[in-house]
Amino acid sequence: MEQTIELPAFRRSAELRPASIDPETRSVEVIWSTGARVRRAALFGEPHDEELSMAPEHVRLERLNAGAPFLKVHEAHDLDAVIGSVVPGSARIENGQGIARIRLSERDAVGDIWRDIEAGHIRAVSIGYQVHRFEISKPDGQRELWRAVDWTPFEISAVPVGADPAAGFRAHREHQTCVLHRRDAPTSEGASPMTDRTATTAETAEQTSDTAVPEETSMTDDKTGAADTQTRAADTRPKATKPAADPAPADRSRSADTDALVSEARAQERERVSTIHGLADKLQLERGFADDLIKRGVSIDEARRLILDQVAAKADETRTFPHVSIPLGGRDATVTRREAISNALLHRYSPTLFPLEDAAREYRGMTLMELARESLETAGVSTRGLSRDEVATRALHSTSDFPEILAAVTNKTLRQAYEAYPRTFPLFCRQVLATDFKAMHRVQLGEAPQLLKVGESGEFKRGTLGESKESYRIETYGRVVAITRQVLINDDLDAFTRIPAMYGNSIAQLESDVVWDIVTSNPAMADGTALFHSTHKNLAGSGTALGVDSVGAARAAMRKQTGLDKKTVLNIRPAFLIVPAALELKAEQLVAQNLVPAQSGNVVPQSIRTLTPIAEPRLDAASDKAWYLAASPNQIDTIEYAYLEGQQGAYIETRNGFDVDGVEIKCRLDFGAKAIDWRGLYKNPGA
1 MEQTIELPAF RRSAELRPAS IDPETRSVEV IWSTGARVRR AALFGEPHDE
51 ELSMAPEHVR LERLNAGAPF LKVHEAHDLD AVIGSVVPGS ARIENGQGIA
101 RIRLSERDAV GDIWRDIEAG HIRAVSIGYQ VHRFEISKPD GQRELWRAVD
151 WTPFEISAVP VGADPAAGFR AHREHQTCVL HRRDAPTSEG ASPMTDRTAT
201 TAETAEQTSD TAVPEETSMT DDKTGAADTQ TRAADTRPKA TKPAADPAPA
251 DRSRSADTDA LVSEARAQER ERVSTIHGLA DKLQLERGFA DDLIKRGVSI
301 DEARRLILDQ VAAKADETRT FPHVSIPLGG RDATVTRREA ISNALLHRYS
351 PTLFPLEDAA REYRGMTLME LARESLETAG VSTRGLSRDE VATRALHSTS
401 DFPEILAAVT NKTLRQAYEA YPRTFPLFCR QVLATDFKAM HRVQLGEAPQ
451 LLKVGESGEF KRGTLGESKE SYRIETYGRV VAITRQVLIN DDLDAFTRIP
501 AMYGNSIAQL ESDVVWDIVT SNPAMADGTA LFHSTHKNLA GSGTALGVDS
551 VGAARAAMRK QTGLDKKTVL NIRPAFLIVP AALELKAEQL VAQNLVPAQS
601 GNVVPQSIRT LTPIAEPRLD AASDKAWYLA ASPNQIDTIE YAYLEGQQGA
651 YIETRNGFDV DGVEIKCRLD FGAKAIDWRG LYKNPGA
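Here the sequence shown is numbered in the UniProt record's numbering, starting from 1 and rising by one per residue.
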């Protein structure tokens, strides 16, 4: 039986080949498909398996070889999203793999993406493709297998994470005609009637007769609409000698049920789209944010949560120190002027980091003394006849908003420097929030006891859970920065821009020092044994150099770790390879997507190449040879770090100076860290 339906475009994850990078032409090869079987979630009915035939006669390569676009995260509605294209004629199928060469644009905006590809930070790509014909079979006791025997790849996209094969498609994209050919098993009498089934579609499903449409005329090009398909099907039908019989009642019932399901799905989708857009408009969020939620198929409940998180994040970004009331007629002019002056000063400090806004243009080029006079005049204080010293003193201590302007500039420069500092520990550590400064206890429950066989009339025996407890608390760190009247008189902008930026770097460095000191100092755990110890089975007996064999031995030791009951095998899979800066290059070479060498014994297994390298120079001071493996914190606890709730990262407070003649700005950090479980970490002393 065959059916002609309307299907949208699908997506699948693909793979970059970093070893094929050509810096001169700014190009790299991708394996855009291997045709592997994946599971697809149907809109109605049961899920099914999908498989792409990689036979050359089943894949239409015309659009790739014509220079198909290389997009940024499948965004097909913005010209800026086109970051390159497929090199014409490079798309081909070799040994069951689809391969093509991608060339990136020479635009400056694409330069950062190209550098990330060269450095190996961007490895995941995804393809968009349209299926024109599926052959459907149902192996005994298994899900239906939909095998695409006529399909067209039409775009390749760079993505931060490989597209989830089960994610299906984006509902807003255009639908194209696809033929479903079902192959059913013969009946017991030897006949092979076709079973009437309902096809799963995103929009409509139009059923055609298997005897009326020959197979060779059912295949349609992706540029042809559904109406053309129906016309061709009508032209190839044999002339009827008798009037067609009315559809059977069961057929009419199934058709009505399908129409009802399609109508219900359309109504639900319209409600989802309108609800998300309505919430975003009411809370004054950008239209693009709502569009992204809709494209990703986010449910209404999840969209509400994400929209509230976005509103909270924007509120934190625009938080100001003083409390001001906004009149009903519009935004307070004082707040607007204060932000404009702050932006002018920040642009003067770093034009690249802080672009000049339109409202700040009138304050561009003004000195600190001129801005101080401006603030006093706006507050109703006459500056006529005042000396520079008097203007500076009154601006810092009067009712003008100049202290708040300086504090806002200081806060933004410190925060920008704090967030820009490279911190490597968050990748393998878990962040939590502390409600107070009391000790936090992390109880680790052991594994559930194994089930025991119960004989006839026997009793069920009770089991117990083992547990282990680690404790730590957050500490407070801080410094005070003073902005004096001498700063204003000397027009010393660095005093409240570059110096706070240095403090921002210092705070970020402090966090890294605290966490990495746990790794290098090897502190005792709650059981009295050091974090890395042979008793914990996470320390190599003898140091060996970083290599395939030594990493394989470390990985095997982590997989064989047992629970607190000493019996349950945890099968921990390492996710990160942690090395000092001296071993960074060797670690990157080990996990690189290398070509197969001449000797098969030198092949680096895929399981090792999936490790993410982390290079930390703080490790070199303790040992430039030791290296570590760490599991993902989503699988098992490793190291936990905590901020005081409501004050994540650096926090700023200001006041008019008492000990100094100016404004005092206090930088504070409430932070703590502790190793929670040794089983997610492994150390090799190196050689």
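All C-beta atoms in this analysis are idealised placements derived from N, C-alpha and C, irrespective of residue type, glycine included. Since we're looking at a predicted model, the values are computed, not measured.
| With respect to the alpha helix (DSSP H) encompassing S375, which residues constitute its N-terminal and C-terminal limits? | Numbered from 1 along the sequence shown, position 375 holds the residue referred to as residue 375. Counting along the chain, the unbroken alpha helix (DSSP H) around S375 starts and ends at L368 to T378.
| task | State the DSSP-derived secondary structure class of N538, mapped to helix, strand or coil. | result | Taking the sequence shown and counting its residues from 1, one reaches residue 538 at position 538. In the structure shown, N538 sits in coil (DSSP, three-state: anything other than H, G, I, E or B).
| request: Could you say which of G96, A109 and G67 lies nearest to R103 if we only look at CA atoms? | output: For the purposes of this step, residue 103 is taken as the residue at position 103 of the sequence shown. Ranking G96, A109 and G67 by Cα distance to R103 puts G67 first.
| said: Does K674 come out as helix, strand or coil in the three-state DSSP assignment? | reply: If you number the sequence shown from 1, residue 674 lands on position 674. If DSSP states are grouped into helix, strand and coil, K674 belongs with the strands.
| query | According to the neighbour-count rule (16 or more other Cβ atoms, all chains shown, within 10 Å of its Cβ), is A109 buried or exposed? | reply | Reading the sequence shown from its first residue, position 109 is the one you call residue 109. Exposed, by the Cβ-count rule.
| request: Report the rounded CA-to-CA distance for A556 versus I572, giving the unit in angstroms. | output: Within the sequence shown, residue 556 is the residue found at index 556, counting from 1. Within the sequence shown, residue 572 is the residue found at index 572, counting from 1. When rounded, the distance between both Cα atoms is 9 Å.
| Rounded C-alpha distance that separates R373 from Q310 | Along the sequence shown, one-based indexing puts residue 373 at 373. Along the sequence shown, one-based indexing puts residue 310 at 310. Taking the straight line joining both Cα atoms gives about 38 Å.
| query | Are at least three pairs of beta-carbons, each pair with one atom in the region 616-633 and one in the region 398-414, less than 8 Å apart? | reply | no
| query | Just checking my contact of T410 with V480 at CB under 8 Å: how many whole Å lie between their CB atoms? | reply | Along the sequence shown, one-based indexing puts residue 410 at 410. Along the sequence shown, one-based indexing puts residue 480 at 480. Not really, about 12 Å apart at Cβ, beyond 8 Å.
| said: Contact criterion: CB-CB distance below 8 Å. Does N538 meet it with respect to chain C? | reply: Reference to chain C is not applicable here, since this structure consists of a single protein chain.
| request: Identify, in the order they occur along the chain, each residue of the same chain with its Cβ nearer than 6 Å to the Cβ of A244, setting aside the five sequence neighbours on each side. | output: Walking along the sequence shown from the start, residue 244 turns up at place 244. Summary for A244: the model assigns pLDDT 45, below 50, so the residue's position carries little reliability; its value from the coordinates is reported in the next sentence. Same-chain partners within the cutoff: there are none.
| query | Is the Cβ-Cβ distance between A622 and E584 less than 8 Å? | reply | As a first step, residue 622 is located in the sequence shown; it is residue number 622 there, counting from the start. As a first step, residue 584 is located in the sequence shown; it is residue number 584 there, counting from the start. The answer is no: Cβ separation not under 8 Å.
| task | Express the C-alpha separation of T562 and R147 in angstroms, rounding to a whole number. | result | In the sequence shown, residue 147 corresponds to position 147, counting from 1. In the sequence shown, residue 562 corresponds to position 562, counting from 1. Computed Cα separation, rounded: 43 Å.
| query | If you scan the region 458-535 from start to end, which runs of the beta strand (DSSP E) of 3 or more residues do you find wholly inside it? | reply | Correct list: 467-472 and 475-484.
| field | In chain order, each alpha helix (DSSP H) run of at least 4 residues that lies wholly inside the UniProt domain "Prohead serine protease" (76-170) | value | Runs found: 108-119.
| request: Tell me, please, whether the region 83-90 touches the region 105-121 by the rule of three or more beta-carbon pairs shorter than 8 Å. | output: yes
| task | Would you check if there are 3 or more beta carbon pairs closer than 8 Å linking the region 16-28 to the region 130-141? | result | Output reads no: the region 130-141 does not touch the region 16-28.
| said: Could you compute how far the alpha carbon of L371 sits from the alpha carbon of S342? | reply: Start at 1 with the first residue of the sequence shown, and residue 371 comes out as number 371. Start at 1 with the first residue of the sequence shown, and residue 342 comes out as number 342. Their Cα atoms are separated by approximately 10 Å.
| So is K683 buried or exposed if we call it buried at 16+ other beta carbons inside 10 Å? | The residue labelled residue 683 in the question sits at position 683 within the sequence shown. Classification for K683: buried.
| Are the beta-carbon atoms belonging to T378 and V391 less than 8 Å from one another? | For the purposes of this step, residue 378 is taken as the residue at position 378 of the sequence shown. For the purposes of this step, residue 391 is taken as the residue at position 391 of the sequence shown. Their beta carbons are not under 8 Å apart, which means T378 does not touch V391 by this criterion.
| request: Would you kindly work out how many angstroms separate the C-alpha atoms of K560 and H533, rounded to a whole number? | output: Indexing the sequence shown from 1 puts residue 560 at position 560. Indexing the sequence shown from 1 puts residue 533 at position 533. Near 15 Å, if we compare the C-alpha coordinates of H533 and K560.
| query | Roughly how many angstroms separate the alpha carbons of I676 and A592, rounded to a whole number? | reply | Against the sequence shown, residue 676 aligns to sequence position 676. Against the sequence shown, residue 592 aligns to sequence position 592. Going from the Cα of I676 to the Cα of A592 covers about 31 Å.
| How should F437 be labelled, buried or exposed, when 16 other C-beta atoms within 10 angstroms of its C-beta is the threshold for buried? | Here residue 437 is taken as the residue at index 437 of the sequence shown, counted from 1. Residue environment for F437: exposed (fewer than 16 other C-beta atoms within 10 angstroms of its C-beta).
| field | Where S342 falls: helix, strand or coil (DSSP) | value | Position 342 of the sequence shown, counting from 1, holds the residue named residue 342. Residue state, collapsed to three classes: helix.
| Alpha carbon to alpha carbon, how far is L145 from S274? | Here residue 145 refers to the residue found at position 145 of the sequence shown. Here residue 274 refers to the residue found at position 274 of the sequence shown. CA-to-CA, the gap between L145 and S274 works out to about 35 Å.
| Close beta carbons around H685, own chain, < 6 Å, minus the five adjacent residues each side | Looking up residue 685 in the sequence shown gives position 685. What sits at residue 685 in the sequence shown is Pro, not His. Once the five neighbours on either side are set aside, the close Cβ partners of P685 are G543 and A626.
| Residues of its chain near R668, where Cβ-Cβ distance is below 6 Å and the 5 sequence neighbours each way are ignored | Within the sequence shown, the letter at position 668 stands for residue 668. Around R668: G478 and Y651.
| task | Using the DSSP secondary-structure output, state which residues sit across from N411 in a beta bridge. | result | The sequence position of residue 411 within the sequence shown is 411, counting from 1. DSSP output for N411 lists no bridge partner at all.
| said: Mapping the DSSP letters down to three states, classify N65 as helix, strand or coil. | reply: Here residue 65 refers to the residue found at position 65 when the sequence shown is read from its first residue. Correct three-state label for N65: helix.
| request: For A615, write down the residues that DSSP places opposite it in a beta bridge. | output: As a working note, residue 615 is residue 615 in the sequence shown. Answer is V579.
| Around the C-beta of K412, are 16 or more other C-beta atoms found within 10 angstroms, so that it is buried, or is it exposed? | The count along the sequence shown starts at 1 and reaches residue 412 at position 412. Residue burial annotation: K412 is buried, with at least 16 other C-beta atoms found within 10 angstroms of its C-beta.
| Among T34, D49 and E94, which one has its Cα closest to the Cα of S126? | Looking up residue 126 in the sequence shown gives position 126. The option with the nearest alpha carbon to S126 is T34.
| Alpha carbon to alpha carbon, how far is Y643 from F428? | Against the sequence shown, residue 643 aligns to sequence position 643. Against the sequence shown, residue 428 aligns to sequence position 428. Computed Cα separation, rounded: 17 Å.
| request: Give the straight-line distance between the Cα atoms of L16 and R101, rounded to the nearest whole angstrom. | output: Stepping through the sequence shown from its first residue, residue 16 is reached at position 16. Stepping through the sequence shown from its first residue, residue 101 is reached at position 101. Cα to Cα, L16 sits roughly 10 Å from R101.
| For the alpha helix (DSSP H) that contains Q606, what are its first and last residues? | Position 606 of the sequence shown, counting from 1, holds the residue named residue 606. Q606 to R609 is the span of the alpha helix (DSSP H), which, as asked, contains Q606.
| task | Provide the residue(s) that pair with P47 in DSSP beta bridges, ordered along the chain. | result | Here residue 47 refers to the residue found at position 47 of the sequence shown. According to DSSP, which records beta bridges pairwise, P47 is partnered with nothing at all.
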